[in-house]
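Below is one structure; the comments refer to it alone.
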Amino acid sequence: MKYEQIAPANISEQEKIYRTFISNDPVLSYFLATGSIPPNARFVKEAIYTDIGFLAFISPYFKEVYVQAIRAAFALKDINLMSDVAANPMLLNTAYRMQAFDELLADLEEKKTKLAAMHHKLVMYDPLEFGDLLAYTDASTISNMNYLPVEFLEFRSAYAALVVKVIRALVNRDLPTSLTMVCNLCELTVDMPTLQDVHALCKLIHEADNEQKGMECDRERLSRYISSLGRRHRYDSWP
Numbered sequence: 575m576k577y578e579q580i581a582p583a584n585i586s587e588q589e590k591i592y593r594t595f596i597s598n599d600p601v602l603s604y605f606l607a608t609g610s611i612p613p614n615a616r617f618v619k620e621a622i623y624t625d626i627g628f629l630a631f632i633s634p635y636f637k638e639v640y641v642q643a644i645r646a647a648f649a650l651k652d653i654n655l656m657s658d659v660a661a662n663p664m665l666l667n668t669a670y671r672m673q674a675f676d677e678l679l680a681d682l683e684e685k686k687t688k689l690a691a692m693h694h695k696l697v698m699y700d701p702l703e704f705g706d707l708l709a710y711t712d713a714s715t716i717s718n719m720n721y722l723p724v725e726f727l728e729f730r731s732a733y734a735a736l737v738v739k740v741i742r743a744l745v746n747r748d749l750p751t752s753l754t755m756v757c758n759l760c761e762l763t764v765d766m767p768t769l770q771d772v773h774a775l776c777k778l779i780h781e782a783d784n785e786q787k788g789m790e791c792d793r794e795r796l797s798r799y800i801s802s803l804g805r806r807h808r809y810d811s812w813p
């Protein structure tokens, strides 16, 4: 339901009051009209924004643009939009708050399902572009998930647990991608048991990466030594 700035003629006096408050708040008016928020802009602090009657009035309009804005932030990898939405009051009553969260959770579960399918391909050694996995833990995805309300903690934890499985299946085949993914995953806000699992995996992968780099250094030193021997013998005189 889209909020119309021009109200019908037959609205109640109470609705006129609500609309006046909205009209006097340029950031809120802009958000309702566009689904976006100017950088670092904030709604006016009004006591009426917590009023049950006001929330009942604005919730159908606010829910639409709130969900639209968060979807746009994920699609466009726009951390600034997400942070501005999170920094402003969520003008939703309980019923519309649940509706908004259900819609967003459905989107996130779809993303998680796609990641689970990629995990299955890894386990089955089906063809898979390992670099495609990076999008599931890139900085914008992690940051935007962290900006979601506390009600999404359970999803974030389940998502992180799946990413851990993906990395474990990937690490012996692509260590650099695994390292990037687990380092980013460490920034995701999750429950304590999941956080401990993520950090334990991160430590193991860092150790494996350091060991691999050490072996590469040893190989380079050996290669240089063999090359120097070759050059030395090339100029040796015959007896």
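For reference, each letter of the sequence shown is one residue, going 575 to 813 in the working numbering.
Cβ coordinates follow ideal geometry from the N, Cα and C atoms, glycine included.
Bear in mind that the values here come from a model prediction, so they are computed numbers and not experimental data.
Would you call K637 buried or exposed, if buried means 16 or more other Cβ atoms sit within 10 Å of its Cβ?
-> Position 63 of the sequence shown, counted from the start, is the residue given in the question as residue 637. The residue in question, K637, is buried, as its Cβ has 16 or more Cβ neighbours within 10 Å.
Any chain D beta carbon closer than 8 Å to F675 = Within the model displayed, chain D is absent; a lone protein chain is all it includes.
Can you give me the start and stop residues for the alpha helix (DSSP H) that T754 sits inside?
-> By 1-based counting over the sequence shown, the position of residue 754 is 180. Its alpha helix (DSSP H) spans residues L749 to L759.
P701 vs N654 beta-carbon contact at 8 Å | Here residue 701 refers to the residue found at position 127 of the sequence shown. Here residue 654 refers to the residue found at position 80 of the sequence shown. No; because the gap between Cβ atoms is not below 8 Å, this pair is not in contact.
Cβ shell of A581 (< 6 Å), same chain only, five flanking positions each side left out | Residue 581 sits at position 7 when you count from the first residue of the sequence shown. Same-chain partners within the cutoff: R593.
7 Å CB neighbourhood of F595 in its chain, flanking five on each side removed = Position 21 of the sequence shown holds residue 595. The answer, listed in chain order, is E620 and I622.
Of all the options T751, R645, S657 and Y670, which has the alpha carbon lying nearest to the alpha carbon of L678?
-> Position 104 of the sequence shown, counting from 1, holds the residue named residue 678. Comparing Cα positions, the closest option is R645.
Run through the stretch 590–648 for me and flag every whole alpha helix (DSSP H) of 4 or more residues, listed as ranges in chain order.
-> 600–608
With DSSP collapsed to three states, give me the class of V724.
-> What you label residue 724 is simply residue 150 of the sequence shown in a count that begins at 1. DSSP places V724 in helix when its eight states are reduced to three.
Could you give the C-beta distance for D765 and S717, rounded to a whole number, given that I count them as a contact under 8 Å?
-> Locating residue 765 in the sequence shown gives position 191, counting from the first residue. Locating residue 717 in the sequence shown gives position 143, counting from the first residue. So it is not a contact: roughly 19 Å between Cβ atoms.
What residues in its chain sit with their C-beta under 7 Å from that of Y799, if we drop five residues either side in the sequence?
-> The sequence position of residue 799 within the sequence shown is 225, counting from 1. Low confidence applies here, because Y799 scores a pLDDT of 49, under 50, leaving its location unreliable; read the following figure in that light. Answer for Y799: no residue qualifies.
Just the C-alpha distance for S633 and Y577, rounded to the nearest angstrom, thanks.
-> As a working note, residue 633 is residue 59 in the sequence shown. As a working note, residue 577 is residue 3 in the sequence shown. One C-alpha to the other measures close to 10 Å.
What's the call for M698, buried or exposed, on a 16-neighbour Cβ count within 10 Å?
-> Here residue 698 refers to the residue found at position 124 when the sequence shown is read from its first residue. M698 should be labelled exposed.
How long is the line joining the alpha carbons of A743 and A782, rounded to whole angstroms?
-> As a first step, residue 743 must be located in the sequence shown, where it is residue number 169. As a first step, residue 782 must be located in the sequence shown, where it is residue number 208. If I take the Cα positions, the gap works out to 15 Å.
If M656 and A649 are in contact, beta carbons under 8 Å, what's the gap, nearest whole angstrom?
-> Counting from 1 along the sequence shown, the entry for residue 656 is found at position 82. Counting from 1 along the sequence shown, the entry for residue 649 is found at position 75. Actually they are not in contact, since the Cβ atoms of M656 and A649 sit about 11 Å apart, beyond 8 Å.
Does DSSP put D765 in a helix, a strand or coil?
-> Locating residue 765 in the sequence shown gives position 191, counting from the first residue. Coil.
Between the CA atoms of V601 and F617 - distance to the nearest angstrom = Locating residue 617 in the sequence shown gives position 43, counting from the first residue. Locating residue 601 in the sequence shown gives position 27, counting from the first residue. If I take the Cα positions, the gap works out to 5 Å.
Excluding the 5 residues preceding and the 5 following D748 in the sequence, name in chain order all residues of the same chain whose CB lies nearer than 8 Å to its CB.
-> In the sequence shown, residue 748 corresponds to position 174, counting from 1. Within the same chain, D748 has close Cβ partners F704.
Would you report the Cα separation of F729 and F631, rounded to the nearest angstrom?
-> On the sequence shown, position 155 is the one that residue 729 refers to. On the sequence shown, position 57 is the one that residue 631 refers to. Distance between the alpha carbons of F729 and F631 is about 30 Å.
Assign E587 to one of three DSSP states: helix, strand, or coil.
-> For the purposes of this step, residue 587 is taken as residue 13 along the sequence shown, with counting starting at 1. Note: E587 maps to helix in three-state DSSP.
Would you check if the distance between the CB atom of S714 and the CB atom of K651 is smaller than 8 Å?
-> The count along the sequence shown starts at 1 and reaches residue 714 at position 140. The count along the sequence shown starts at 1 and reaches residue 651 at position 77. For S714 and K651, yes; Cβs fall inside 8 Å.
Assuming H773 contacts C760 (C-beta within less than 8 Å), just tell me the rounded distance between them.
-> As a working note, residue 773 is residue 199 in the sequence shown. As a working note, residue 760 is residue 186 in the sequence shown. Indeed, because the Cβ distance is near 6 Å, the residues count as touching under 8 Å.
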